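Chains E, U and V are the protein sequences, given in the same order. Okay, so the first sequence: first residue is 24 according to my numbering, each after it adds one. Okay, so the second sequence: first residue is 24 according to my numbering, each after it adds one. Okay, so the third sequence: first residue is 24 according to my numbering, each after it adds one. Written out below as structure tokens is the structure these notes cover.
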Amino acid sequence: MIVRTTHLKKFNNKWYKPGASKTTMFLWYYTNMFFFASRWLPISKLKINLLRMFGAKVGHGVVIKPSVNIKYPWRLTIGNDVWIGEEVWIDNLDDVRIGDNVCISQGALLLCGNHNYKKSDFGLITGKIILEEGTWIGAKAVVCPGVKCNSHALLTVGSIATTDLEAYTIYQGNPAKPIRTRVIES
Amino acid sequence: MIVRTTHLKKFNNKWYKPGASKTTMFLWYYTNMFFFASRWLPISKLKINLLRMFGAKVGHGVVIKPSVNIKYPWRLTIGNDVWIGEEVWIDNLDDVRIGDNVCISQGALLLCGNHNYKKSDFGLITGKIILEEGTWIGAKAVVCPGVKCNSHALLTVGSIATTDLEAYTIYQGNPAKPIRTRVIES
Amino acid sequence: MIVRTTHLKKFNNKWYKPGASKTTMFLWYYTNMFFFASRWLPISKLKINLLRMFGAKVGHGVVIKPSVNIKYPWRLTIGNDVWIGEEVWIDNLDDVRIGDNVCISQGALLLCGNHNYKKSDFGLITGKIILEEGTWIGAKAVVCPGVKCNSHALLTVGSIATTDLEAYTIYQGNPAKPIRTRVIES
């Protein structure tokens with residue numbers, strides 16, 4: 024048996040299209056650093072306007088807290104009445120679609136990038152993330168590449184969603200497992 | 024059966040009292056940003072004086088490392104000989120009481136805010152956190168709202184305390200479960 | 024039975040040698056803050072030169088992303104073709120040796136410091152971390168003090184490695200457990 028090894032030198036992501044020009048990426052990098060990943064100007068409205076200028080689709084009633092890190096706004100769709108908590112990280116190498124009435128709590132990570140660990144060249148793999156309406160991603164939780172959180176799914180604090188979450192279901196752990204139905208009583 | 028949905032637009036936290044005037048909150052926001060959440064002035068004494076000016080009760084022998092994030096100092100009580108590690112986040116929408124000889128390691132989060140996910144209006148729920156004397160909150164661990172960590176309880180690295188921790192007991196996992204007694208030999 | 028308590032006042036780490044002069048530590052503190060833990064200058068080459076100036080051994084083909092936090096470069100060895108992701112934290116109170124073709128993904132923590140929780144004086148314990156060639160530390164994962172990750176081990180997103188990881192094996196959870204063999208097909 025040949026035991027193969029990883030060679031990061033062979034890594035090739037030239038097929039990958041970020042979806043914007045180098046100039047736009049450069050400008051966004053510093054806009055993100057200055058207005059989003061910082062704390063000095065905690066005003067959602069301004070941030071939403073900036074996101075839209077860079078190609079994001081953002082609904083009304085959206086709140087964006089300080090110290091948020093967004094990779095590519097042109098790959099981001101946010102519905103109405105969505106809350107994005109402090110220190111949330113939307114690492115959207117791929118499309119992220121956030122439905123209405125979604126809450127992403129403080130410190131959560133939406134992770135769209137992966138690597139093919141079965142290949143010597145450690146090839147880049149990206150996966151879309153869909154958060155359907157009413158989902159709640161708990162503080163310091165992580166949603167992994169390609170995961171769809173169906174309507175009103177709930178990922179508890181610090182849990183890691185590696186597979187799709189069923190609607191109206193509460194998930195916990197690493198990897199996150201269903202623990203209860205989410206009943207909305209009134 | 025009626026399947027109900029979340030409406031963040033209906034969210035109403037007007038009943039919630041932060042415990043300080045808007046001016047104080049504004050001043051603290053930038054004091055926290057400038058002196059606590061930053062790294063440029065790694066001097067505990069100054070930070071402790073600032074915390075006291077903003078209403079925190081802080082004992083002697085307290086160490087506060089760089090890049091710490093504190094929500095409301097007027098809701099914070101810290102005993103003697105307490106260490107607060109780098110990148111610790113005290114998100115104290117509710118009271119946080121830290122006893123003597125407590126260590127909160129780097130990257131840990133004390134989380135006092137929750138939402139009523141059973142209600143359409145996603146109502147705010149807050150819970151006090153009590154860390155009794157001698158407790159150790161490990162690096163990147165999270166203490167959830169309403170949790171009391173009894174004397175010398177230990178929450179291991181990256182673990183999530185969702186229920187009270189018993190005294191002299193070591194907890195691990197998400198949710199954290201007791202794994203061993205903590206015996207202090209000498 | 025005498026129930027003993029922790030006394031952080033008795034903590035004594037005078038035996039501990041950081042491995043550099045106070046002046047070097049002071050200069051590194053602000054170099055790390057200004058060039059590494061920040062985002063404004065996302066240029067690996069410059070960072071690698073700085074690391075080498077402060078005593079790190081760094082190979083070729085190394086990538087260092089923004090917002091990285093490194094404790095002591097003089098205790099750091101990095102091989103060839105290594106990637107250090109955004110917000111990675113190398114808290115190397117002890118030696119950290121990173122082999123060739125290692126990927127440390129965004130938000131991961133290499134933690135070399137521990138405390139003797141069985142002693143009243145909460146004594147400092149440090150442990151080296153070794154990441155052998157081809158290992159992949161997933162996003163927001165933590166490698167604990169003294170852990171050796173053998174060749175091509177893989178720690179999944181958000182997992183906590185508390186014991187050595189076997190070669191070509193995938194680990195998940197808190198504490199991380201082996202879940203699969205890592206076969207590199209081509």
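Think of the CB as a built atom: it goes at the ideal place given N, C-alpha and C, for glycine as much as any other residue. Just so we're clear, the structure is a prediction, and the values are computed from it rather than from any experiment.
- request: Tell whether a beta-carbon distance below 8 angstroms holds between Thr29/V and Gly157/U.
  value: yes
message: So, for Asn124/V: in the same chain, excluding its five sequence neighbours on each side, which residues have a beta-carbon less than 6 angstroms away from its beta-carbon?
response: Asp104, Glu156 and Gly157
message: Contact criterion: CB-CB distance below 8 angstroms. Does Ala131/U meet it with respect to chain E?
response: no
field: Within 8 angstroms of chain V by C-beta, residues of the segment 131-150 of chain E in sequence order
entry: Leu132, Leu134, His138, Tyr140, Lys141, Lys142, Ser143 and Phe145
Inter-stretch contact at 8 angstroms, needing at least 3 Cβ pairs: the segment 105-121 of chain E / the segment 90-102 of chain V: no
query: Smallest Cα separation from Val85/V: which of Pro198/V, Asn72/V, Tyr52/V and Leu133/V?
result: Asn72/V
message: So that I know if they touch, is there some Cβ in chain U lying closer than 8 angstroms to that of Cys172/V?
response: no
Exposure label - Ile160/E; buried when at least 16 CB within 10 Å: buried
- prompt: Unbroken beta strand (DSSP E) runs of length 3 or more, entirely within the segment 128-195 of chain U: which are they?
  reply: 132-134, 136-138, 147-149, 152-154 and 192-195
field: Proximal residues to Met48/E (C-beta, below 7 angstroms), its chain only, five neighbours per side dropped
entry: Pro41
query: Using the C-alpha atoms, what's the distance from Leu116/E back to Lys37/E?
result: 14 angstroms
- prompt: Considering Ile113/V, what are the terminal residues of the beta strand (DSSP E) in which it resides?
  reply: Trp112 to Asp114
His30/E at chain V interface by Cβ criterion, 8 angstroms: yes
- prompt: Any idea what DSSP makes of Arg27/U, helix, strand or coil?
  reply: coil
query: Cα separation between Tyr191/E and Ser182/E?
result: 17 angstroms
- prompt: Are any of the Cβ atoms in chain U nearer than 8 angstroms to that of Asp114/V?
  reply: yes
Residue ranges of each alpha helix (DSSP H) within the segment 26-85 of chain E, 4 or longer: 45-54 and 67-76
field: chain E within 8 angstroms of Cys126/V, Cβ atoms only
entry: yes
field: Arg98/U in three-state terms, based on DSSP
entry: helix
- request: Pick helix, strand or coil for Lys88/V, following the three-state DSSP scheme.
  value: coil
8 angstroms Cβ cut-off: residues of chain V touching Arg27/E: Ile207, Glu208 and Ser209
query: What residue range is occupied by the uninterrupted beta strand (DSSP E) comprising Ile202/E?
result: Lys200 to Thr204
task: Verify the contact flag: Leu132/V, CB atom, against every heavy atom of the ligand COA, threshold strictly below 7 angstroms.
output: You won't find the ligand COA in this model; it holds no ligand whatsoever.
task: Check each residue of the segment 160-186 of chain U: if its Cβ is closer than 7 angstroms to any Cβ of chain V, include it; give the result in chain order.
output: Ala162, Lys163, His175, Leu177, Val180, Gly181 and Ser182
- prompt: So what does DSSP say about Ile207/E, is it helix, strand or coil?
  reply: coil
query: How is the beta strand (DSSP E) around Val119/U delimited, first residue to last?
result: Val119 to Ile121
- prompt: With distances taken between CB atoms, is the gap from His138/E to Gly150/E smaller than 8 angstroms?
  reply: no
message: I want to see whether chain U comes within less than 8 angstroms of Trp51/E, judged by CB atoms only; does it?
response: no
- request: Output yes if chain U places a C-beta closer than 8 angstroms to the C-beta of Trp38/E; else output no.
  value: no
message: Which residues in chain U have a C-beta closer than 9 angstroms to the C-beta of Met56/V? List them in chain order.
response: Ser61, Arg62, Trp63 and Pro89
message: Just checking: is the beta-carbon of Lys82/E within a distance shorter than 8 angstroms of some beta-carbon in chain U?
response: The sequence given here has Gly at residue 82/E, not Lys. Judged by the 8 angstroms Cβ criterion, Gly82/E is not in contact with chain U.
message: Just to confirm before moving on: does the CB-CB distance between Leu177/V and Lys163/U stay below 8 angstroms?
response: no
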